[in-house]
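Just so you know, we're using the working numbering here: the sequence shown kicks off at 96 and counts up by one.
Here is the structure we will look at.
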Amino acid sequence: MVTLRKIVLILIGALVALVFVVLIGRIVIIRMSVLPMVRSLTGCDASVGRVSVGTFSSYIVIQDLKIINPSDFVEKRLLNAPEIYIEYKLTSLLSSHMKFPKIRLKIEEVVVVKNEKGESNLARSMASKSKSEGRGGVASTGTFFGEVDLSLGRVIHIDYSKVSGGKPLTKETTLNYHFTYRDLSDSDLKKIVMQDVLK
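Dropping the structure here:
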């Protein structure tokens, strides 16, 4: 009986250790996936200050995300987001229909740049996004967002195709935009950002 009890305790301990290893492995995988995912979605490099992952609850917090323009743009800034909070359904991540019950985006600034040829950094970024989705581009990939809380501080427009006195035409607009959207597909979210926020 004592031997059986020891075996049971050892098995329980092994299971707890296994669960812990799986959870830690999940955290490491998510942290390592953030920058490649940003690169895949935008076609641009990025840096992240910190990534926190819930050990026993399904959430991710990304702090100080900075997306950088492609190398042929003089201005390097594209987006600065102090905090991105994401709740996800773990089982949905294994399917083609990913579900995110809540996302909170705190974006300090977006820098819209046109190079000397008149090409926009956002246009190129969206073209990269469309390629990742296939020919349809705008079509939904099956990703669903329950609630999206979006804050955007300011948008800066820098146009290197219109230079005066050796300086590009620059316009800064303070928006202090804040709105909550519900029940969105990924294509809905893209349209909101491009048409409602950055228009």
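From the three backbone atoms N, C-alpha and C, an ideal C-beta is built for every residue, glycine too.
As assigned by DSSP and simplified to three states, the class of residue i
{"i": "P177", "result": "strand"}
{"i": "T238", "result": "coil"}
{"i": "K197", "result": "strand"}
{"i": "S142", "result": "strand"}
{"i": "V282", "result": "Per the sequence shown, residue 282 should be read as Ser rather than Val. It is helical."}
{"i": "E203", "result": "strand"}
{"i": "V233", "result": "No answer about V233 holds up, because its pLDDT of 43 lies below 50 and its placement is not dependable."}
{"i": "T137", "result": "helix"}
{"i": "S190", "result": "coil"}
{"i": "V208", "result": "strand"}
{"i": "P263", "result": "strand"}
{"i": "V169", "result": "coil"}
{"i": "S153", "result": "coil"}
Residue i at chain D interface by Cβ criterion, 8 angstroms
{"i": "K184", "result": "No chain D is present in this structure, which holds just one protein chain."}
Own chain partners of residue i with C-beta closer than 8 angstroms, once the 5 adjacent residues on each side are dropped
{"i": "A218", "result": "none"}
{"i": "A222", "result": "G138"}
Same chain, Cβ closer than 6 angstroms to residue i, five either side skipped, listed in chain order
{"i": "R199", "result": "Y180, D244"}
{"i": "S142", "result": "K161"}
Residues sharing a beta bridge with residue i, DSSP
{"i": "T269", "result": "R249"}
{"i": "I162", "result": "A141, L174"}
Can you find at least 3 beta carbon pairs, one from the region 263-282 and one from the region 237-248, that sit closer than 8 angstroms?
-> yes
How about the region 176-191 and the region 152-160: do they share at least three Cβ pairs that are nearer than 8 angstroms?
-> yes
Given 8 angstroms, three or more beta-carbon pairs between the region 248-268 and the region 157-166 = no
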